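2 protein chains.
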Amino acid sequence: MPTQEISQRHALVLRAVRRLLRRGAMRNLAKMVNTMRPVDVAKMLRHLDDVSDQRIVFGLVTRTEGRADILADLDEDSAVGVFIEVARAEQLDILETLDPDDAADLIGMLPADLSGELLEQMPDADSDDVVGLLSYEEETAGGIMTPDFLAFREDTDAQSVITHLQQAGDAEMVFYIYVVDEQNILKGVMSLRDLLLVSPKTRLGDVMHSPVITAQVDMDQEAVARLTARYNLLAIPVVEHDGRLVGFITVDDVIDVMRDEATEDMLKMSGTTVESEYTLSVGSLKAAGMRLPWLLVNVIGGIAGAWVLVQFASTLEAALVLTAFIPISMALGGSLGLQSATIMVRGLATGSIEMDDVRRVFIREVRVGALVGVTCGVLVGVVASFWHDPWLGLVVGVSLFIASCVAVITGTLAPVAFLRLCIDPAISSGPLVTMVNDLTGLTIYLGLATTMLSLQGAPLT
Amino acid sequence: MPTQEISQRHALVLRAVRRLLRRGAMRNLAKMVNTMRPVDVAKMLRHLDDVSDQRIVFGLVTRTEGRADILADLDEDSAVGVFIEVARAEQLDILETLDPDDAADLIGMLPADLSGELLEQMPDADSDDVVGLLSYEEETAGGIMTPDFLAFREDTDAQSVITHLQQAGDAEMVFYIYVVDEQNILKGVMSLRDLLLVSPKTRLGDVMHSPVITAQVDMDQEAVARLTARYNLLAIPVVEHDGRLVGFITVDDVIDVMRDEATEDMLKMSGTTVESEYTLSVGSLKAAGMRLPWLLVNVIGGIAGAWVLVQFASTLEAALVLTAFIPISMALGGSLGLQSATIMVRGLATGSIEMDDVRRVFIREVRVGALVGVTCGVLVGVVASFWHDPWLGLVVGVSLFIASCVAVITGTLAPVAFLRLCIDPAISSGPLVTMVNDLTGLTIYLGLATTMLSLQGAPLT
Chain A
1 MPTQEISQRH ALVLRAVRRL LRRGAMRNLA KMVNTMRPVD VAKMLRHLDD VSDQRIVFGL
61 VTRTEGRADI LADLDEDSAV GVFIEVARAE QLDILETLDP DDAADLIGML PADLSGELLE
121 QMPDADSDDV VGLLSYEEET AGGIMTPDFL AFREDTDAQS VITHLQQAGD AEMVFYIYVV
181 DEQNILKGVM SLRDLLLVSP KTRLGDVMHS PVITAQVDMD QEAVARLTAR YNLLAIPVVE
241 HDGRLVGFIT VDDVIDVMRD EATEDMLKMS GTTVESEYTL SVGSLKAAGM RLPWLLVNVI
301 GGIAGAWVLV QFASTLEAAL VLTAFIPISM ALGGSLGLQS ATIMVRGLAT GSIEMDDVRR
361 VFIREVRVGA LVGVTCGVLV GVVASFWHDP WLGLVVGVSL FIASCVAVIT GTLAPVAFLR
421 LCIDPAISSG PLVTMVNDLT GLTIYLGLAT TMLSLQGAPL T
Chain B
1 MPTQEISQRH ALVLRAVRRL LRRGAMRNLA KMVNTMRPVD VAKMLRHLDD VSDQRIVFGL
61 VTRTEGRADI LADLDEDSAV GVFIEVARAE QLDILETLDP DDAADLIGML PADLSGELLE
121 QMPDADSDDV VGLLSYEEET AGGIMTPDFL AFREDTDAQS VITHLQQAGD AEMVFYIYVV
181 DEQNILKGVM SLRDLLLVSP KTRLGDVMHS PVITAQVDMD QEAVARLTAR YNLLAIPVVE
241 HDGRLVGFIT VDDVIDVMRD EATEDMLKMS GTTVESEYTL SVGSLKAAGM RLPWLLVNVI
301 GGIAGAWVLV QFASTLEAAL VLTAFIPISM ALGGSLGLQS ATIMVRGLAT GSIEMDDVRR
361 VFIREVRVGA LVGVTCGVLV GVVASFWHDP WLGLVVGVSL FIASCVAVIT GTLAPVAFLR
421 LCIDPAISSG PLVTMVNDLT GLTIYLGLAT TMLSLQGAPL T
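So the protein sequences, as listed, match chains A and B.
Every letter in the first sequence is one number past the one before it in our numbering, and letter 137, counting from 1, is 137.
Every letter in the second sequence is one number past the one before it in our numbering, and letter 112, counting from 1, is 112.
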């Protein structure tokens, strides 16, 4: 397994760091930390057990740039934990070194009094950038963009751009040159490679690509990620509603967004509410609080199930053997519905299923439900027949078939309904769909058994 | 919802295309298709219902480059469906236009006789590239790389590289210049931007970055994606075990891998086996076949549940009211276990949980299980007490507590055990963990009830 390959190397580093910390071998530790890549140091820090160890290791990093890169890669709790203990002058140096989007992220995490002081003490240009970024919603294009873009007028020639690039310091990764007019309205784009291919005197306006694929500042970050992925972009420019260029988002941030959104969807589908990230550093009390809400759906479902069973008490009394097939009546519908819901939720999230496809997917799902229902119904029905009696087999088999058909219908339609109501469909799939289908399966089974019993006129004993 | 915003625009296009097809308005359709971006045409084609419509629309695309780009973005069934109907000369033109990795993908999908003929008729250099790529395992670095890299010797000067770039046609997106020795062993890397910043006479060997982060040809694509994402790379070079540079993988392919792997994990967790992709074009019979295997786990679990219930028949006869809380005894453990398993599976997949963290996560999960168990146990226990009798409340409450603790333990450890056995942990989480915990919950509940009944010496009526 490749996961193991990478994690084994990482585990070795982590063990070495813990050993050096235990021994107090600071010289060796400092040497080790300063030869590591910042992102690897960040990964290692995240896995240290307590914040004082994190602070010691972070303190050994000598270069401000390295410290800044580490902070940009740390999770919220760890980043704040080490940053607040750093001397004020160094804090300001780090903020200046960070890309504005990362600086804004960090400042947004800090306690209000500290972030206020830092913003006051930062150079005006930087603090303006940060305040500007903080004014956008967190999970939108504006919230994840960096405002440090390179833009030129249409009449600039290629040589001037190259000269500018050579003089400019180390900005964010540059791949695209944006072309704007006097009002800063985005007009076109060209890649660094395009720039090399034209003669030095060429005007940008004559060779730029237009129209440009852009993200509006208030676009949801998930949509930005999808757009960037779809058009294979390395960076996407962010514009205000009037078309003014205000920043851009690089593909490495897009990758983070995609991974986080997929994680979020998975956790939501398993009924784990995720407001903040469910990281290693979350304590057990908070973790239990995050996971309880949807488990309470199970509790309510369970109590509803108890109520259903009490309604059918006389049937169960007449034929206690019916209880034996309660588990399967509940489970099959729940699982099948969860499958359909997962296929819909993921399809809608990645865009492989569009609203226009819903009818087609629905028809297929109903067919799948019928096929699965027939297979499992016959299988379990035959088992129940031989085990006890053909009537029980018939009741079990038929109810599994009906429950399967119902399950795929709720599983397919619930995510679509939630999306229409502007509720994240990932929420609907896990606990809710499973619960509804569990209960439906149970009711169909006992209802059918009661009907058959009354038709037969004799208990299934 | 931003998803809707994008899909609404897409739905409009799709409806317009369908209308034009129905009317046979080929002139208008051709005009429309040829002004759209290839990736948008591909998306639209994927959503057309039958292959003859797909062929008509594809046939209207005039530029070979556009056709190639469309094919590179289509799913397997659609791509093969339209490609096999194209004239042979045009097929060869398309293959020559495609990047070698995409050409290899396409040829790999075609029927053996057609792919054999095409490989014979292609220029030798191209067919060698394709055959070389086809020799690597599909989901490895070698299988997704492109062999069209730009590499120079250490003594090449910056100006020669720029001149070369200006003369070379439109290769794959270029961001990095790789530096190799006489044996083609990768020595260093520099970005296009670095190249602009040095004076024309500088030797690459003097300014290149080294050592380089590389992927070995047989590395799993998921590990490649994680590596690229972790170091914020735009492309990662692929090397043989002896260090020879053989290709590179661009970030847009990495994004596709990450999305596909996340989709695959989600489907696996819901118990949908995914050998090929579960796309729109999969028929219902095949779809049912893909989903049945894990549902049969439910069936087996259900039959096992029936067996468990039969063992406790005398207990249920003595106190029929116990049946009322069978659903909740089953459901809570199953859901809680699924949450723990999802957290582990996703954590292990993204690298946020390493093997070394398992102990820490395990301890937290046990705490969470105990907290959730106490909360739900007390809640449902109190309901059962008032509903029926305090003894029932005690049985239900205590068994929910025990089942919760057991559920988090199996949920946490099953994925780790599967990973150790080199089985994809995503498999373990859904159906298997849920089934085990369903059955455990049921057994604990009825076992406890039987014990209490025998202690009390009287039925709970």
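Virtual Cβ for every residue (Gly too), placed ideally from N, Cα, C.
On a predicted model such as this, the values are computed, not experimentally measured, just so you know.
Chain B has no Cβ within less than 9 Å of the Cβ of K201(A). Bridge pairing for T146(B): F248(B) [DSSP].
According to DSSP, Q216(A) shares a beta bridge with V239(A).
Selection D93(A), I162(A) and L336(A) evaluated against G289(B) yields L336(A) as nearest (Cα-Cα).
Secondary structure of Y178(B) (DSSP, three-state): strand.
Within the same chain, S191, L192, L234 and A235 come within 7 Å of F175(A) by CB-CB distance, once the 5 residues on both sides are set aside.
When rounded, the separation of the alpha-carbon atoms in M122(B) and M258(A) is 38 Å.
Non-local beta-carbon contacts of A72(A) in its own chain, meaning distances under 7 Å to residues more than five positions away in sequence, involve L98 and D102 in chain order. For S454(A), the nearest beta carbon of chain B is not closer than 9 Å to its own beta carbon. Residue-level contact by beta carbon fails for F386(A) and chain B, as no gap is shorter than 9 Å. Inclusion of S270(A) and Q339(B) in the CB contact set at 9 Å is warranted, their separation being smaller than that value. As DSSP reads the structure, L186(B) sits in a beta bridge with V180(B).
Linking D113(B) to G142(B) through their CA atoms gives a straight-line distance of about 24 Å.
A direct Cα-Cα distance of roughly 9 Å separates G334(A) from V408(A).
Counting along the chain, the unbroken alpha helix (DSSP H) around F83(A) starts and ends at E76 to F83. Boundaries of the alpha helix (DSSP H) harbouring F418(A): P390 to R420, taken from the DSSP string. Here the segment 375–388 of chain A lies against the segment 314–330 of chain A, with 3 or more beta-carbon pairs under 8 Å apart. In chain order, I353 place their CB closer than 7 Å to the CB of G347(A), counting only its own chain and leaving out the 5 sequence neighbours on each side. Residue contact with chain A for K31(B): absent (no Cβ-Cβ distance below 9 Å to any residue of chain A). Fewer than three beta-carbon pairs drawn from the segment 385–400 of chain A and the segment 249–264 of chain A are found closer than 8 Å, and the two stretches are therefore not classed as touching. A direct Cα-Cα distance of roughly 11 Å separates L309(A) from E317(A). Where F152(B) is concerned, the enclosing beta strand (DSSP E) starts and stops at A151 to R153. Put simply, the segment 192–209 of chain B touches the segment 159–170 of chain B. At least three CB pairs are less than 8 Å apart.
The C-beta of D389(B) comes no closer than 9 Å to any C-beta of chain A. If you ignore the 5 residues before and after E65(B), its C-beta comes within less than 7 Å of the C-beta of T97, all in its own chain and listed in chain order.
Under the DSSP assignment, G347(A) falls in the alpha helix (DSSP H) whose first and last residues are I326 to T350. DSSP, read as helix, strand or coil, puts D438(A) in helix. When C-alpha distances from T410(A) are compared across I84(A), T156(A) and V361(A), the shortest belongs to V361(A). Across the structure, R244(A) and K268(B) are spaced so that their CA atoms are roughly 44 Å apart. Assignment of D99(B) by DSSP, reduced to helix, strand and coil, places it in the coil class.
Rounded to the nearest angstrom, the gap between the Cα atoms of I107(B) and L150(B) is 24 Å. The beta carbon of V282(B) falls within 9 Å of a beta carbon belonging to chain A, placing the residue at that interface. The residue among T272(A), L95(A) and P211(A) with its C-alpha nearest the C-alpha of E365(B) is T272(A). Residue state for S199(B) is assigned as coil, using DSSP reduced to three classes.
Under DSSP, the beta-bridge partners assigned to T140(A) are D220(A).
At a cut-off of 4 residues, the continuous stretches assigned as alpha helix (DSSP H) that sit fully inside the segment 285–326 of chain A are 313–318.
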